[in-house]
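Protein chains in written order, with full-length UniProt numbering: chain B, 1 to 400; chain X, 1 to 394.
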Amino acid sequence: MAAIFQGVGAAAPLSSSPSNSFDSNKSVFSPPRSFSVVRSDGIVNLNPKGRSAQRLISNAVATKADSPAASSSSKPGHELLLFEALQEGLEEEMERDPRVCVMGEDVGHYGGSYKVTKGLAKRFGDLRVLDTPIAENSFTGMGIGAAMTGLRPVIEGMNMGFLLLAFNQISNNCGMLHYTSGGQFTIPVVIRGPGGVGRQLGAEHSQRLESYFQSIPGIQMVACSTPYNAKGLMKAAIRSENPVILFEHVLLYNLKERIPDEDYICNLEEAEMVRPGEHVTILTYSRMRYHVMQAAKTLVNKGYDPEVIDIRSLKPFDLHTIGNSVKKTHRVLIVEECMRTGGIGASLTAAITENFNDYLDAPIMCLSSQDVPTPYAGTLEEVTVVQPAQIVTAVEQLCQ
Amino acid sequence: MALSYLRSSSSRSANLLRPLSSAASLRRPISTDTTPITIETSVPFTSHQCEAPSRSVETNPSELLTFFRDMALMRRMEIAADSLYKAKLIRGFCHLYDGQEAVAVGMEAAITKKDCIITAYRDHCTFVGRGGTLLEVFAELMGRQAGCSKGKGGSMHFYKKDSNFYGGHGIVGAQVPLGCGLAFAQKYSKDESVTFALYGDGAANQGQLFEALNISALWDLPAILVCENNHYGMGTAEWRAAKSPAYYKRGDYVPGLKVDGMDALAVKQACKFAKEHALKNGPIILEMDTYRYHGHSMSDPGSTYRTRDEISGVRQERDPIERVRKLILSHDLATEKELKDIEKEVRKEVDDAIAQAKESPMPEPSELFSNVYAKGLGAESFGADRKELRATLA
């Protein structure tokens, strides 16, 4: 295992420098570590029609002028969609470690309802890519039991909302066994699946489970938002000895991006600097990142300079990166898809207030989804989540 | 009979201190005689979808005396825990196993430490059967550092990884899917070992059990589901909670066996049979007809939903230790005095362990935050707090 990391460690610094798109003067990051390649391509090229378009496809590494790191198409790496990036990460880890297995509904022969596990069953066989019956409570429990012996299952919830049925297993067994056994057992599972508000999927299929899981001690939660960090977080989550819940988003699976060919991971506890700025810190994650970046275009035109951070790590928060940003801009806006009550934004507000109150020039603003079950009607659903226009207004208010 | 081992005290106290990684010390041969004896179980086995094993069980004097000693130890340990609880040295929940010792002891006789056992919260004796020491038990019950989970788990969270004892779980029924996961891992690693997932008659009505059973049967996992039917789910009798109290038949397409859980030899035979079956054919259910003398837990007197007569009746007619004692005496394997001496010795062992556990300190305050996450492992990570030292791989 060490040999692999050494190899990666040697290669990474060479490739990371040209693709770093943030100005090192304003860098709030510590010097590049051995293999965590943190990128912040300005993902500004969003389909301006937003949610009413059929697909939310974004060409992250486009030939747009305002993306400083974007170079020509002769850039190394390969282009793929987010679900393919997840699949690549998963496949690489399964190849690397024979203890990694996948279990979930329709993950095997069907290839996964979002194609994240496509082709894996053919390649690795039925014992490593397991089609389970529709019994979330028990197969999550089984995955955790297997992890207690040293296997590394990746448990897929077809929709994160279904994992509510496995809440007991996730909370009591997954999160707590390391503690209650006095450290005897580690539970290296990855629990992943799509969540978030989709396209008129109805209330039960549009849930944001990060707010329910965030209190569970002993688990880590990460949310991916680009093909690059999707693959990186998937790999890091599989390699971690702690249970990790990886939140994907239903509407982001078809994002396209060019990612490096070589092996890389993204640190689980680290936030991503999407767009450095001076006036206000906007903290966001998952799909709302794109709404924020769309709003950022408008804000830039209006003369504001927002700093956008994709927090990525929902538990624990990367207070190091966030804190450095707050100390610089003194204004914080949180944009999330969770509901207002008891969401990630609520916890983040508390954490920032506790730790960085002296640096704030204005109260923290938190834009969240409405505290309602997600309605089916398209117009109502649109109003349930935060839209770019609201973000622009919020920043204007904050920077008065 | 070579009963001189009884008084070999030189290694005994050392045994209490040293963490036992195998049950070998617990099974210190009081008699080394291994001439086979065949004994009939109390009642024949009842089977469902399979052929029941024979009533005749092969054993030997050494094993019978080991049964006696182990069960006497477990009995004494549980009674002592009762006193400690009443003295407020043990707090919270404390679920005692006295009356059910034959299940733990008979199971161990049929399997190896490579096989996994997972059970619910009535786990003190199962832990000891797997090789746990009395010190670890009492220290954990009293929340001390010397406990098996460093005092952070408590009565319902005993674990012993090196002898494949996976706990120790507080939520009813949740351990069964975990157990099937253990069986899956055994099949995955081609271990040729099996998992015994124990649960009670109350948990038998949990949906996740049937989910897990379906998956185990589907994937041919070496999982043995053992229902320790003590006829009461907390305060509710089985006939009031289950439409069909034939728990061994509940598996439908999964074979089952009903066993007299108060007869250690029957338990041994059934577990041996189940292990062979599971390795070849996938899951099987064992129903152990057993009884607990105490209430559900220490906060339950155990007499509001059953009569004192019933409890004393079972104690007189079916007590597992008395059965083995009668067997030993009738086969002339030891004298009554020798058996009484074993009981006295066991009592002293328990008292010594309690005294030692009382001396163990409470956990350090910093232990509050240890073992929440596994640190310094996997890829480069900062641990739960990025300000801490980062763990990087060389």
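All C-beta atoms, glycine included, are put in the ideal place defined by N, C-alpha and C.
All values derive from a computational prediction rather than experimental measurement.
message: What would DSSP say about B:Leu82, mapped onto helix, strand or coil?
response: helix
- request: Could you confirm whether any beta carbon from chain B is found closer than 8 Å to the beta carbon of X:Glu211?
  value: Yes, its Cβ sits closer than 8 Å to a Cβ of chain B.
Below-8 Å beta-carbon distance, X:Lys113 vs any chain B residue: Output row for X:Lys113: interface = no.
field: Three-way DSSP call (helix, strand, coil) for B:Ser113 in this model
entry: coil
message: Short of 8 Å in beta carbon distance, which residues of its chain neighbour B:Pro217, apart from the five on each side in sequence? Order them along the chain.
response: Gly175, Met176, Tyr179
For X:Gly233, the three-state DSSP class (helix, strand or coil): strand
task: Note the first and the last residue of the continuous beta strand (DSSP E) segment covering X:His48.
output: In the DSSP assignment, X:His48 falls within the unbroken beta strand (DSSP E) covering 46 to 48.
field: Best match in B:Gln400, B:Lys115, B:Glu269, B:Phe213 for proximity to B:Tyr304 [C-alpha to C-alpha]
entry: Nearest of B:Gln400, B:Lys115, B:Glu269, B:Phe213 to B:Tyr304, Cα basis: B:Gln400.
message: Using C-beta distances below 6 Å, list every residue in its chain close to X:Ser163, excluding the 5 sequence neighbours before and after it, in chain order.
response: Excluding positions up to five away in sequence, the list reads Lys113, Arg130, Gly131.
- prompt: Does any residue of chain B bring its CB to less than 8 Å from the CB of X:Val372?
  reply: yes
task: Mind checking which residues open and close the beta strand (DSSP E) that includes B:Ala389?
output: Element bounds for B:Ala389: not the beta strand (DSSP E) but the alpha helix (DSSP H), 388 to 398.
task: Compute the Euclidean distance between the alpha carbons of B:Val395 and B:Thr374, then round it to the nearest angstrom.
output: 26 Å
Beta carbon proximity, B:Pro133 to chain X, threshold 8 Å: yes
query: With which residues is X:Gly225 paired in a DSSP beta bridge?
result: Position check: residue 225 of chain X holds Leu in this sequence, whereas Gly was assumed. Bridge partners of X:Leu225: X:Ala197, X:Ile285.
Proximal chain X residues relative to B:Thr117, where beta-carbon distance stays under 8 Å: Within chain X, no residue comes near B:Thr117; the closest Cβ sits about 17 Å away, beyond 8 Å.
message: B:Asn159 and B:Gly193 - do their beta-carbons sit closer together than 8 Å?
response: yes
- prompt: According to DSSP, is B:Ile187 helix, strand or coil?
  reply: coil
Separation of B:Met234 from B:Ala65, as counted between CA atoms: With a pLDDT of only 40 at B:Ala65, under the threshold of 50, the placement of this residue in the model should not be trusted; the figure read from the coordinates follows. About 31 Å.
task: Look up X:Lys113 in the DSSP assignment and say whether it is helix, strand or coil.
output: coil
- request: Taking only beta carbons into account, state which residues of the region 100 to 113 of chain B come closer than 8 Å to chain X, listed in chain order.
  value: Cys101
task: Taking X:Tyr232 and X:Arg347 to be in contact with their CB atoms under 8 Å, please state how far apart those CB atoms are, rounded to whole angstroms.
output: Incorrect: roughly 28 Å between the Cβ atoms, too far for contact.
- request: Verify the CB distance criterion: does B:Gly183 have a CB-CB separation below 8 Å to chain X?
  value: yes
- prompt: chain B partners of X:His157, CB-CB under 8 Å?
  reply: Thr180, Ser181
message: For a test of the three-state rule: what should DSSP assign to B:Met273, helix, strand or coil?
response: When DSSP states are grouped into helix, strand and coil, B:Met273 belongs to the strand group.
- prompt: Of all Cβ atoms in chain B, is any one closer than 8 Å to the Cβ of X:Cys227?
  reply: no
- prompt: Cβ of X:Tyr247 less than 8 Å from any chain B Cβ?
  reply: no
query: To which residues does DSSP link X:Glu58 through a beta bridge?
result: Under the DSSP definition of a beta bridge, X:Glu58 partners with X:Thr38.
task: Quick one: grab the DSSP three-state call for X:Val324.
output: helix
message: Which residues does DSSP list as the beta-bridge partners of B:Met103?
response: B:Leu130, B:Ile155
message: If I measure Cβ to Cβ from B:Asp106 and keep anything under 6 Å in the same chain, skipping five residues before and after, which residues do I get?
response: Ser113
- prompt: Based on Cα-Cα distance, which residue from X:Pro53, X:Ala174, X:Asp123, X:Gly143 lies nearest to X:Lys160?
  reply: X:Asp123
message: Beta-carbon within less than 7 Å of B:Gly232's beta-carbon, same chain only, minus the 5 sequence neighbours each way: which residues are those?
response: Tyr264, Ile265, Cys266
query: Leaving out five residues before and five after X:Leu221 in sequence, what residues of the same chain have Cβ atoms less than 7 Å from its Cβ?
result: So the list reads Cys180, Ala183, Phe184, Lys187, Gly282, Pro283, once near-sequence residues are dropped.
message: Quick test of your reading: B:Leu165 and B:Glu136, contact by CB under 8 Å. State the CB separation rounded to the nearest angstrom.
response: 4 Å
field: Endpoints, alpha helix (DSSP H) assigned at X:Ala353
entry: 336 to 359
query: If you measure from the CB of X:Arg130, is any heavy atom of the ligand ADP nearer than 7 Å?
result: Among the components of this structure there are no ligands whatsoever, and the ligand ADP is therefore not found.
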